[in-house]
């Protein structure tokens, strides 16, 4: 049982690493960058932003820093909301998301049990 559990944990870690790496590669392969939006940013400001957020570092260094931060559950700053981190945004939205997920699970289980019971009681009859 322990061997099976370790295999499952190892495969989950592998899948998680693949998803995180694919996300990193996809985000760096799209044209533009985090600071190239509809407003044109002056070149000096762009250089300062790239230095501040380390987007001008070599790609390998960005990847290793990203993986270290993800392993420590530090998802970094947001580029949209000044002075806030991604962790802050998740912390703000998590209670509402958990409530909605819990209620959806309760309704799905309740409805599934009700409909399953009806189907079992009236097997091969109209309500089934």
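Residue numbers (the working numbering): 261 to 388.
Glycine included, each C-beta is placed from N, C-alpha and C at the ideal position.
Residue range of the unbroken alpha helix (DSSP H) whose run includes residue 367: Run containing residue 367: 346-381, per the alpha helix (DSSP H) assignment.
Given residue 339 as reference, the closest of 330, 361, 314, 328 once Cα atoms are compared: 314
Spatial neighbours of residue 366 in its chain, beta-carbon cut-off 6 Å, leaving aside the 5 residues before and after: Cβ within range, chain order: n/a, list empty.
Proximal residues to residue 288 (C-beta, below 8 Å), its chain only, five neighbours per side dropped: If we look at residue 288 and ignore the five residues flanking it on each side, its Cβ neighbours are 319, 322.
Burial state of residue 326, where buried means 16 or more other Cβ atoms lie within 10 Å: buried
At least 3 beta-carbon pairs within less than 8 Å: the region 346-353 vs the region 330-337: yes
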